[in-house]
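Chains as they are written, first to last, in full-length UniProt numbering: chain R, 1 to 436; chain L, 1 to 436.
All residues carry an ideal CB built from backbone N, CA and C; glycine is no exception.
Working notes, structure below.
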């Protein structure tokens with residue numbers, strides 16, 4: 001059955017900017033999004049920042065006919081903000097919550113409360129198994145002084161791990177979402193090189209949308225132009241990525257983005273531009289051996305050396321994060337110790353008049369209690385911070401360990417060491433028995 | 001190549017009970033464990049409760065010759081306690097942290113601080129790809145009144161999800177660890193039915209160990225016999241599970257456990273018994289179509305009805321957990337509101353003499369500050385608890401949503417609705433195109 005079956009799939013992705021009371025015209029925009037999705041009837045709709053479950057339920061009702069299958073991924077305090085709507089039956093879902101996602105005390109950035117994650121849904125599209133991923137990584141608030149960079153790199157690392165390990169049985173893989181990374185950013189290179197995922201904007205045969213595929217543009221009325229500096233025209237941080245398998249070839253037929261406005265509407269759908277990609281999947285048959293080899297082979301085999309460089313770069317970034325987290329934990333410990341010392345000092349000062357049986361002036365009672373309350377507040381806060389930074393350190397160390405292992409494994413590959421491939425069975429005597 | 005290659009693998013699993021200062025003879029026991037592992041030379045060693053990284057490093061040095069490859073999984077505040085040592089190269093590792101894992105304020109139980117997780121390592125054993133999992137679920141402190149049951153059920157649910165979705169490319173799957181569940185417990189049935197994993201104790205051709213395969217036994221000198229009641233002889237909560245694939249048949253040749261003591265040693269390795277299983281893997285070739293069908297088919301297809309019952313039971317348990325978490329969050333909110341009311345009342349009482357310009361007796365200053373400090377402490381604590389319970393609720397709701405989806409999907413299967421199988425391509429017109 002060579003190239004007999006061709007299936008076409010339209011994928012939509014949008015960061016909905018659904019923060020009630022903070023995002024402008026939230027309800028009206030959701031109504032607009034619902035109308036458009038109902039009309040456009042994309043096969044797969046991947047939404048981010050649907051922070052309120054009520055909005056998800058609103059869309060679910062609105063799209064009941066066009067997209068009968070949907071899933072809302074719950075995580076963190078507010079939720080993950082991730083939702084998927086599909087024309088095709090969703091057979092299974094799975095959520096991976098990133099181990100690092102900002103700091104709870106940076107409440108004005110809010111990322112920590114969102115419980116950023118990657119959601120997976122397994123669909124059956126025309127008899128093919130499609131693993132569809134939707135994700136939203138930690139925002140970049142300052143490009144020059146990006147204190148969240150190690151967190152975002154670890155998120156990208158975990159994302160590529162999750163996609164690689166869970167897509168073993170898939171015929172096609174589709175990933176959409178707001179990666180909060182420019183096309184050549186470290187995390188993006190890590191993700192694409194490791195997984196072999198292809199960028200629909202770069203691969204498309206036909207493109208209609210913003211210049212350079214930008215998805216956060218100066219023309220969008222919801223955008224504060226100052227925040228885009230030094231990228232005056234805008235940045236590209238939203239993506240639809242895809243790859244096929246040994247059985248299915250996938251190509252991007254066309255791709256489009258909105259352009260900062262919606263015809264006949266007073267404002268755009270969101271502060272981000274919406275992405276639509278049309279993917280064409282063609283099944284083909286291969287001989288058993290070739291298929292085995294292809295399916296087990298790392299898609300990145302061809303550029304292992306480049307991958308070693310990227311992982312090494314990521315490891316350096318994680319080490320910077322480790323250094324920062326260690327310093328923060330040290331600071332928290334030091335302040336905690338100072339709080340404890342202050343409490344001891346206070347108790348000692350208060351004890352002196354008591355021991356001197358009234359010959360000394362007593363410690364003013366009000367000041368005593370106020371100071372004690374301050375000390376306890378310092379101790380409680382620093383204790384919580386210590387626990388939080390310890391967890392951050394463990395996650396960073398874990399990622400660094402995995403990266404070291406990965407570099408080692410890749411270097412073995414470069415040296416020509418045979419890696420896990422089932423066809424090795426025939427070439428080599430069984431290791432297990434030999435070593436018993 | 002029918003039944004040409006046979007590889008044998010010896011797998012070891014032990015909960016090391018490595019809590020320094022609390023566990024008895026911790027250092028001596030690690031030395032004993034190291035000596036034994038060095039001598040026995042198992043192919044794969046799966047350890048749990050290695051809480052201190054120093055102990056892992058001690059074992060790593062000791063096993064440098066016998067087990068040159070190892071990985072320590074970091075997570076949570078203390079760590080996940082999970083470690084793997086292997087004679088075969090570890091190509092990749094991945095960690096999934098369970099979304100629910102007890103409560104931080106239950107510090108005497110300590111599970112929350114451990115960051116319970118499932119660690120995966122991909123090995124190449126005699127040319128076969130082995131996905132090896134090591135895990136440790138939340139402990140059961142009281143069987144009659146087990147407030148952690150919903151958490152453990154969600155952990156088992158996430159574990160089966162993780163194993164199923166990540167083992168797509170594996171030739172064999174091995175899972176070892178302390179599941180903290182009896183053989184017929186809900187979580188255990190959920191895990192085994194969904195993944196198709198087989199219990200080496202039940203499958204073994206030859207067994208040498210404790211009666212009924214018990215792994216927490218009354219004869220072990222570290223065990224408090226009162227805690228085992230009503231299971232006087234002990235319980236079986238540690239497992240080595242395995243399954244093959246469409247290409248490899250796996251069988252358990254022999255299995256053994258320690259029996260509460262170690263010959264020529266003053267005490268056993270741990271409060272748990274150690275498990276050793278010898279697995280025999282035989283590669284075989286199948287026709288392409290049969291392989292495709294087997295690899296894509298759910299191992300549980302045969303007993304879908306049973307699976308529906310199990311998932312429904314699990315869903316009920318998760319709903320109980322949801323109800324509890326909602327009640328706890330409501331209690332926290334109520335106490336918080338009471339703290340706020342108390343603060344307002346205090347401020348009002350203090351304001352009266354001030355407004356009456358000295359005609360009323362003033363609020364004693366010390367009492368004022370003490371009461372205010374108490375109010376703030378209540379507000380801060382209930383705020384943190386509110387956030388924690390909200391996160392718990394989100395995770396429970398997420399699991400419940402997935403379970404509802406799973407039951408729906410299984411029921412469709414029962415009704416004979418065609419599920420995702422690549423060979424459907426030939427039988428049906430491509431859905432995607434028809435719906436465009």
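- The alpha carbon of residue 271/R has as its nearest neighbour, out of 214/R, 283/R, 311/R and 337/R, the alpha carbon of 214/R.
- Listed along chain L are 366, each with a C-beta nearer than 7 Å to that of residue 365/R.
- Taking CB atoms only, residue 75/L has a neighbour in chain R less than 8 Å away.
- In this structure, the CA atom of residue 226/L is about 11 Å from the CA atom of residue 233/L.
- Rounded to whole angstroms, the separation of the alpha carbons of residue 18/R and residue 185/R is 26 Å.
- Counting along the chain, residue 38/R sits inside the alpha helix (DSSP H) bounded by residues 26 to 40.
- When Cβ-Cβ separations below 8 Å define contact, residue 94/L makes contact with chain R.
- Within the same chain, 210, 234 and 260 come within 6 Å of residue 217/R by CB-CB distance, once the 5 residues on both sides are set aside.
- Taking the Cβ atoms as the reference, residue 16/R lies roughly 18 Å from residue 41/R, outside the contact range of under 8 Å.
- Boundaries cannot be given for residue 50/R, as no alpha helix (DSSP H) includes it and DSSP labels it neither H nor E.
- Residue environment: residue 135/R is assigned as buried (16 or more neighbouring CB atoms within 10 Å of its CB, all protein chains considered).
- Interface criterion not met: the Cβ of residue 20/R is under 8 Å from no Cβ in chain L.
- Using a 10 angstroms sphere on the CB of residue 221/L, the tally of other CB atoms stays under 16, which defines it as exposed.
- Those residues of the stretch 144 to 163 of chain L placed with their C-beta closer than 7 Å to a C-beta in chain R are 161, ordered along the chain.
- Cβ contact annotation for residue 207/L (same chain, cutoff 8 Å, sequence separation greater than five): 201, 213, 254, 255 and 256, in chain order.
- Taking each of 117/R, 36/R and 127/R in turn and checking the Cα distance to residue 99/R, the smallest one comes out for 117/R.
- According to DSSP, residue 177/R shares a beta bridge with 135/R and 239/R.
- The C-alpha of residue 81/R lies about 44 Å from the C-alpha of residue 274/L.
- Within the stretch 101 to 178 of chain L, the complete alpha helix (DSSP H) runs of at least 4 residues fall at 111 to 114 and 149 to 166.
- Of the residues assessed, residue 173/R falls on the buried side of the cut-off, its CB having 16 or more other CB atoms within 10 angstroms.
- Residue 195/L sits buried, since 16 or more C-beta atoms from the chains shown fall within 10 Å of its C-beta.
- Within the DSSP secondary-structure output, residue 252/L pairs in a beta bridge with 279/L.
- Excluding five sequence positions before and after residue 147/R, the CB atoms of its chain that fall closer than 8 Å to its own CB belong to 324, given in chain order.
- Under a criterion of Cβ atoms nearer than 7 Å, no residue of chain L is adjacent to residue 271/R; the nearest Cβ is some 25 Å distant.
- Nearest C-alpha to residue 410/L among 304/L, 178/L and 122/L: 304/L.
- Of the residues assessed, residue 43/L falls on the buried side of the cut-off, its CB having 16 or more other CB atoms within 10 angstroms.
- In this structure, residue 153/R sits near residue 187/R, with a CB-CB distance shorter than 8 Å.
- The alpha-carbon of residue 308/R is positioned some 6 Å away from that of residue 407/R.
- By the beta-carbon neighbour count (other beta carbons within 10 angstroms, threshold 16), residue 382/L is buried.
- Counting other Cβ atoms within 10 Å of its Cβ, residue 178/R reaches 16 or more and is therefore classed as buried.
- In the three-state reduction of the DSSP assignment, residue 220/L falls in the coil class.
- Taken atom to atom, the span from the alpha-carbon of residue 120/L to that of residue 171/L is near 14 Å.
- Between the alpha carbons of residue 192/R and residue 62/R lies a gap of roughly 35 Å.
- Per DSSP, residue 356/L lies in no beta strand (DSSP E) segment and is marked neither H nor E.
- For residue 329/R, the closest alpha carbon among the candidates 105/R, 388/R, 353/R and 248/R is that of 388/R.
- The closest CA to that of residue 91/L, considering only 59/L, 104/L and 131/L, is found on 131/L.
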